[in-house]
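J.: Protein chains in written order, with full-length UniProt numbering: chain C, 1 to 396; chain G, 1 to 396; chain X, 1 to 396; chain R, 1 to 396.
4 protein chains.
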Amino acid sequence: MNIALLGSGFIARFYAETLHAQRRTDRIITVYSRTAANAKRLADDYDLAHHTDSMEAAINHEKVDVVLISLPNHLHEPAVRACAKAKKHVICTKPLGRTAAEAKRMLEMVEEAGIFGGYLEDLCYTPKFLKSMESIRQGSIGKVLWAKSRETHPGPHSDWFWDKEKSGGGAIIDLGCHCVEISRNFIGKHIKPLEVMCWADTQVHPIEAEDHAIGLVKYANGAIGQFEVSWAFRGGMDLRDEVMGTEGTIWVNSFLRTGFEMFTTGKGDGYVAEKAEVNKGWLFPVGDEAHELGYPHMFTDMFDAIEQNRDPLETFYDGYIVNAILDAAYKSAETKKWESVVLEAWRGDSADSYEKEFTSYDDDHYLIKEEMLPNGDKKLILKHKTTGEIVQKMKQ
Amino acid sequence: MNIALLGSGFIARFYAETLHAQRRTDRIITVYSRTAANAKRLADDYDLAHHTDSMEAAINHEKVDVVLISLPNHLHEPAVRACAKAKKHVICTKPLGRTAAEAKRMLEMVEEAGIFGGYLEDLCYTPKFLKSMESIRQGSIGKVLWAKSRETHPGPHSDWFWDKEKSGGGAIIDLGCHCVEISRNFIGKHIKPLEVMCWADTQVHPIEAEDHAIGLVKYANGAIGQFEVSWAFRGGMDLRDEVMGTEGTIWVNSFLRTGFEMFTTGKGDGYVAEKAEVNKGWLFPVGDEAHELGYPHMFTDMFDAIEQNRDPLETFYDGYIVNAILDAAYKSAETKKWESVVLEAWRGDSADSYEKEFTSYDDDHYLIKEEMLPNGDKKLILKHKTTGEIVQKMKQ
Amino acid sequence: MNIALLGSGFIARFYAETLHAQRRTDRIITVYSRTAANAKRLADDYDLAHHTDSMEAAINHEKVDVVLISLPNHLHEPAVRACAKAKKHVICTKPLGRTAAEAKRMLEMVEEAGIFGGYLEDLCYTPKFLKSMESIRQGSIGKVLWAKSRETHPGPHSDWFWDKEKSGGGAIIDLGCHCVEISRNFIGKHIKPLEVMCWADTQVHPIEAEDHAIGLVKYANGAIGQFEVSWAFRGGMDLRDEVMGTEGTIWVNSFLRTGFEMFTTGKGDGYVAEKAEVNKGWLFPVGDEAHELGYPHMFTDMFDAIEQNRDPLETFYDGYIVNAILDAAYKSAETKKWESVVLEAWRGDSADSYEKEFTSYDDDHYLIKEEMLPNGDKKLILKHKTTGEIVQKMKQ
Amino acid sequence: MNIALLGSGFIARFYAETLHAQRRTDRIITVYSRTAANAKRLADDYDLAHHTDSMEAAINHEKVDVVLISLPNHLHEPAVRACAKAKKHVICTKPLGRTAAEAKRMLEMVEEAGIFGGYLEDLCYTPKFLKSMESIRQGSIGKVLWAKSRETHPGPHSDWFWDKEKSGGGAIIDLGCHCVEISRNFIGKHIKPLEVMCWADTQVHPIEAEDHAIGLVKYANGAIGQFEVSWAFRGGMDLRDEVMGTEGTIWVNSFLRTGFEMFTTGKGDGYVAEKAEVNKGWLFPVGDEAHELGYPHMFTDMFDAIEQNRDPLETFYDGYIVNAILDAAYKSAETKKWESVVLEAWRGDSADSYEKEFTSYDDDHYLIKEEMLPNGDKKLILKHKTTGEIVQKMKQ
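This is the structure we're talking about:
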């Protein structure tokens, strides 16, 4: 695949690192930046033949197969529009839009143009995430009841993130987009997200947007998604997911505790990791940052999908659903009530509720709990199906 | 101290273990149970001189200095009433009441009787919790912004817990009482809890009460408390606290990951730990269960406080505040809105809001963020105090 | 118990903290230090009625039931001699002697005097250690094959430790005494330690004694003990044990990773923990230091044993065995060969070797390995009992 | 690169997975197995055009650029000889030889033939290892004093491993080759390994070779390497490295604790990970097994090196050094003494010893230790340069 890279900032460089590493076949062949000097610098650093300060020129470059959008949030829509016009496949960094309305327009553009629209939700491609999904599909943890995702750090790298107009919000839009899609995958993408309750506040920074938020997303099957996001966390970048199912639990720590620990008195100060705050004392680097964050597996899926003419794991449609959930979160933070997720284009299961199933112990009783006692006996707690009476029973 | 123990169930035995261990001076001298045989069995096991099936007899035993209530929730109030009548000091297991109204009556009883009322919130006495509080007091993590506490396990041991009438509810009243008081300590007991938002559901068990809930508690100073409680967790008993402050973070794992890991093929099956679900494969015992759960430090504080004629760290008043917060949680789970915490007897700071303070970079700018780049440069993100413009600046 | 405390240094204070905490019944009633001012200061701090600069005066104080030796290593023997003369029970800090010869004399003194001789090997009393021992006794990990104990930190607190004459050596005598006794407990105290191989070096410090050593101890039943000790470790105090058995594994982390993690930017600098090196960045405090290090359980066992007229878990005899193993380690570090453990007074099993038992698969074959394949099949690796041929076999 | 794969067993498949994943450019174009059916099966599974039961045919296939040896240990030498004859570049799985003599012949073959000889020491390519090496090069942990590597699991997958003649030994040759080269990298490849002390035993299995061993490798600069290897470990595959330097410490856990934890009651049994022993209870999968084990970075370095006409990080020469160290280990296990590493072809620093440097406190004193006390004072322990006297000093 020949790639046109739009943008030359922090994330664009992370993408370029990944794409040109590990003897991959795909190549960036041109880079666009509003600032010609930045385009040139990135082209030099990654040995690219072309660079330009014209977005159209980059997209329309004749060799380009797919356009990779790594621009600030408010520039996603115009970039997608230009790709649709040029009939070039497009893959876009997260979040897709600043709002569901914006995302929906982008979704319609790619579908109408018949081009590929891949949503670069990297954290749904981390190796641990992919393995977790496999375990869940195999039934290892039963039915998912709760799926939490947390991303917190001391705040983003670039000025535009802190400007609500350009970014579309604060920690919710920046980090919540990851968390919402992670939970949604765990719970099941076909299950309808019904409503959202969200707390958000600007606790520390002198900005308009929220720097800390916690949200709950209720799904049609009774499962609950949870996101915890903050730009006020001290200690590095905390990326964790937790899933509770009827038959098990999954805990994933993607960044700060991955089996790599270093203590240093501070000799030989070097770069530790994205958003690390200190370079002495106990440090927790990751082995291969891009890999831990899902980039290699994400690009593999995207380009394989284009070649195989199939959908990638994460599509523009998924990006739209995420934006719709985040819209409801922002609304709830204002109204202080649960707010419905407005989905004009829902493509999953239509059910808004599912029947509960209880485990029977015998014809007359439900099983509430079975427990092994220190002496080896089993204690049963049962509920009578009709009288509702709760009783204890011992089994040797 | 000579102690009358009311109750002979799981928690009563845990208390007895602790009190009669480690060459402590205090002694249980009588035990009461509704069922005489149970009282006798416990008395035999712990070598107690007396046992009885009359609560009054136990309380009024002439040698008794303090009464230890380890009864089901619906029996706390009558037991406290009996202690007040007998003018015997009383310490009561958690939660204090099933509702704030009940707790308030108990608070008034002890205060009117002039007796000591200690609230046995053991998880506010774990060694890790006490050390965390010390660090917070020293300012190690700055102002607390968020304090989460989580307790989840596969459900309680005794039948009465599962009966809403007797217990006062489900996972919220059973486990949330711990979590709410932990967060409240971290944030500051003098800070007023204002309102609560709570999701609760009965996801798995055939019961009326909730078996899973998540709640947020907003405090007057802008801090947010969070509780996560469940009777549907698989994998043991998960007890974790996390605190985020402006200058740092604290993560406490009190039970499932404490630096003790064991793999066994299953030979020699033995008791592992409270609420452990398996006895083969990888197991995570704790060294000294009572200690990790805070019992020794709790009783030490209670009896020292009685002797020194001072308040313990956790009083009936604290128990009342906890119940008031849980009442609001239950209401919010019904109304699906934030609900005010109704406090008829608030004794802390009266302020309902506090002014925010931002860090100035210079006379004209606030500092949003300072970041070390891989090349060693410092990047500043600043906001103009009057225009609101956000700019980036490099500092070498 | 009324206790005479000999010594007023770091460890003496740690002991005093423990003994006078948690409403324990036992009391220190006098303290001895060579320097009267130090004795007075400790007496003031712990509210002791008496203090003295005469060791004999302290020991012979009429109310004293038991003498607690917390003196530098070279003063243990004279102190024990004085106790034996006074017929006062004695408990002595680790290591018992600087050499086996010294330890043996102390052992003989207490046995001839008919007094109690308790060996204060605290790390064989940590809650995690006691629970591990229980699991091993229950057979959870089968026969112990290998037991490693590691203690490393940046070096001891007091000057006398660094002086080989007073301490008897370096990291081996200071830390190895713990590790050797931990491994010996795991493997079985009745199993004879046969020989030792040890590497030792002075890698960092300008001292005569070793600041780093690794040793292997071969036991009669084929099990291997291992110790890793250093005064050159950076990052705090690393206390870990690992045990491998035929049916399982135990990993214990007693200090640096116990489920308590804190990040701080450095505001509010306070004391973190014994031998912590930093007070900012990521810190790993322990909840209750004395408890994690085994002091409360150790004193409980010692005083219970005196009252019950039984041996404590760790006796002067154990201290002697440890010294004999360390003597062999020092010798091996010189000769660069395995050196026999010279035990003039071995009281355990006399066997120097045990027969091996292999698992049979059928009459003709031993089972080497059974393994589950990804497809669910079981693969067996077998060895013919007479021909010795090794074959693979599938079982569905 | 077009690759001929020799071998079709467990490791061959792991290699094939890696090479054909993540849109890599390099391709396996033919596979050889002694058993034609096995060659065919692998060719089918990975969609290879060719397969053969003639090693020469595979090597001499005209399109082949490089030969990848994934054969049992006793077949490495004949395979390398065939490559040398055919003048085809060769990369060979670990260990290079069964003995240093064998490895040296292979080294000479490739050097005389002028072909590329890459040593597939994957664990020196794990992302955590590469990042650790970078930190060490930057000086973050100062001079390395001790480097330990541990690999233990319940035993290998294939029958030939258990046959000493074919494999060259037991756990030492199979696992020790990894550990020795890991430590050697940490300490510095240019530093001469001088002598080895090793304990080895057959503790559990009915085999001739050792199933458990511990070894120490002394380097010319005073650093010590350590390996712990076993085929008798229960609990999965334990892969850990620990490095102690004068300024810091690195702890790497490559497999069993990487931030991914799962509890399952056992529903939906699936494959967990290489050498996992259980599929219920608490499990610790890795995200991307090949990546965690270093395969992608290893092949990238190998093929980049061929194209860039440079040495890879791990060469046949390194493989030879490793075998020489293991030879000394086997000898030491027999003689029970330290045994010299016999290196006929050492290419690093010739020094056999290095001078020690101590830190001066002032003209007259060395600094032994500086320590922060709880009250904030600094305590210094100093040694007089000429008298050798050790003193304590306080600094406020």
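Glycine residues also receive a C-beta, built at the ideal position from the N, C-alpha and C atoms. Predicted model only: the values in this text are computed from it and were never measured.
(1) Just verifying my parser: in three-state terms, what is the DSSP assignment at W162(G)?
(2) Going along the region 31–49 of chain R in order, which residues come within less than 9 Å of chain G, judged by CB to CB distance?
(3) On the CB-based measure, 16 or more other CB atoms within 10 Å of its CB, does Q308(X) come out buried or exposed?
(4) Look up E121(C) in the DSSP assignment and say whether it is helix, strand or coil.
(5) Just tell me which of L48(G), M109(G), D53(G), A49(G) has its CA closest to the CA of P78(G).
(6) Residues of chain X with CB under 9 Å from H291(G), in chain order?
(7) From the DSSP output, read off the bridge partner residues of G225(C).
(8) Which residues of chain C have a Cβ atom closer than 9 Å to the Cβ of K131(X), listed in chain order?
(9) Under three-state DSSP, which class holds Q392(G)?
(10) Can you find a C-beta in chain X that's less than 8 Å from the C-beta of V278(C)?
(11) Is there a Cβ from chain G that is less than 8 Å from the Cβ of T387(C)?
(12) Taking its Cβ as the centre, do 16 or more other Cβ atoms sit within 10 Å of A345(C), making it buried, or is it exposed?
(13) Would you give the residue range spanned by the alpha helix (DSSP H) that K104(C) belongs to?
(14) Determine the direct distance from the alpha carbon of I69(X) to that of A101(X), and round the result to whole angstroms.
(15) Among K94(C), P154(C), R13(C), P312(C), which one has its Cα closest to the Cα of I115(C)?
(16) K128(R): which of G319(C), D163(C), F284(C), D159(C) sits nearest, CA to CA?
(17) Near M55(X), what residues of its chain come up, given a Cβ to Cβ distance below 7 Å and the 5 sequence neighbours on each side ignored?
(18) Just checking my contact of G169(G) with A209(G) at CB under 8 Å: how many whole Å lie between their CB atoms?
(19) Over the uninterrupted alpha helix (DSSP H) stretch that includes D318(C), give me the two end residues.
(20) Report the partner residues of I69(G) according to the DSSP bridge assignment.
(21) Buried or exposed: where does M394(X) fall if 16 or more other Cβ atoms within 10 Å of its Cβ makes it buried?
(22) Does any CB atom of chain C fall closer than 8 Å to the CB of T152(R)?
(23) What three-state label does DSSP hand N253(C) in the structure shown?
(24) Give me the chain G residues within the contact set of T265(R), using Cβ-Cβ distance strictly less than 8 Å, ordered along the chain.
(25) Just the C-alpha distance for G388(R) and H157(X), rounded to the nearest angstrom, thanks.
(26) Would you give the residue range spanned by the beta strand (DSSP E) that Y32(R) belongs to?
(27) By Cβ distance, which residues of its chain are closer than 6 Å to K148(X), with the 5 residues on each side in sequence left out?
(28) Using 8 Å as the limit for Cβ to Cβ distance, is G281(C) near chain X?
(29) In this structure, what does DSSP give as the bridge partners for V196(X)?
(30) State the CB to CB distance for the pair R240(X) and N253(X), rounded to an integer number of angstroms; the pair is presumed to be in contact (CB under 8 Å).
(31) Counting contacts by CB-CB distance shorter than 8 Å, is M262(C) in contact with chain R?
(32) Mark V90(C) as exposed unless 16 or more other C-beta atoms lie within 10 angstroms of its C-beta, in which case mark it buried.
(33) On the criterion of 16 or more Cβ atoms from any shown chain inside 10 Å, does E112(R) qualify as buried, or is it exposed?
(34) Taking its Cβ as the centre, do 16 or more other Cβ atoms sit within 10 Å of K94(C), making it buried, or is it exposed?
(35) Mind checking which residues open and close the beta strand (DSSP E) that includes M262(C)?
(36) Counting only beta-carbon atoms, is M55(R) nearer than 8 Å to chain X?
T.: Working from what's here:
(1) Three-state DSSP puts W162(G) in a helix.
(2) For the region 31–49 of chain R, which is checked against every Cβ of chain G, not one residue is closer than 9 Å.
(3) Burial state of Q308(X) is exposed, judged by a 10 Å Cβ sphere holding fewer than 16 other Cβ atoms.
(4) The answer is coil: DSSP assigns E121(C) none of H, G, I, E or B.
(5) Closest option to P78(G), Cα to Cα, is M109(G).
(6) Here the neighbours are P127, G287, D288, H291, P296.
(7) In DSSP, G225(C) forms a bridge with A147(C), V217(C).
(8) The contacting residues do not exist; K131(X) stays about 14 Å from chain C at best.
(9) The DSSP-derived three-state label of Q392(G) is strand.
(10) Using beta-carbon distances, V278(C) counts as an interface residue toward chain X, with a partner under 8 Å.
(11) Chain G places no beta carbon closer than 8 Å to that of T387(C), leaving this residue out of the contacts.
(12) Exposed: under 16 other Cβ atoms inside 10 Å.
(13) Where K104(C) is concerned, the enclosing alpha helix (DSSP H) stretches over 100–113.
(14) In this structure, the alpha-carbon of A101(X) lies about 19 Å from that of I69(X).
(15) For I115(C), the nearest C-alpha among the options comes from P312(C).
(16) With distances taken between Cα atoms, K128(R) lies closest to F284(C).
(17) Closer than 7 Å at the Cβ level, and outside the excluded window around M55(X), lie L6, Y32, A79, A82.
(18) Going by Cβ atoms, the distance from G169(G) to A209(G) rounds to 5 Å, so yes, they are a contact pair.
(19) D318(C) -> alpha helix (DSSP H) spans 316–335.
(20) Looking at the DSSP assignment, I69(G) forms a beta bridge with L6(G), C92(G).
(21) With fewer than 16 other Cβ atoms from the protein chains shown falling within 10 Å of its own Cβ, M394(X) counts as exposed.
(22) Answer no: the Cβ-Cβ gap between T152(R) and chain C never drops below 8 Å.
(23) DSSP places N253(C) in strand when its eight states are reduced to three.
(24) From the beta-carbon of T265(R), the residues of chain G found nearer than 8 Å are R234, E277.
(25) Annotation: G388(R) to H157(X) spans about 18 Å, alpha carbon to alpha carbon.
(26) Run containing Y32(R): 27–32, per the beta strand (DSSP E) assignment.
(27) Around K148(X), the same chain offers Q226, E242 as residues with beta carbons nearer than 6 Å, after the five sequence neighbours per side are excluded.
(28) It does: the Cβ of G281(C) has a partner Cβ on chain X nearer than 8 Å.
(29) For V196(X), which the question treats as bridged, DSSP gives the partners V217(X), E339(X).
(30) Contact flag correct, Cβ pair sits at about 5 Å.
(31) Contact of M262(C) with chain R is assigned, a C-beta pair being separated by under 8 Å.
(32) When all chains shown are included, V90(C) counts as buried.
(33) Per the 10 Å Cβ criterion, exposed.
(34) Buried is the label assigned to K94(C), since at least 16 other Cβ atoms lie within 10 Å of its Cβ.
(35) DSSP places M262(C) in the uninterrupted beta strand (DSSP E) bounded by 260–264.
(36) No, M55(R) does not count as interfacial toward chain X.
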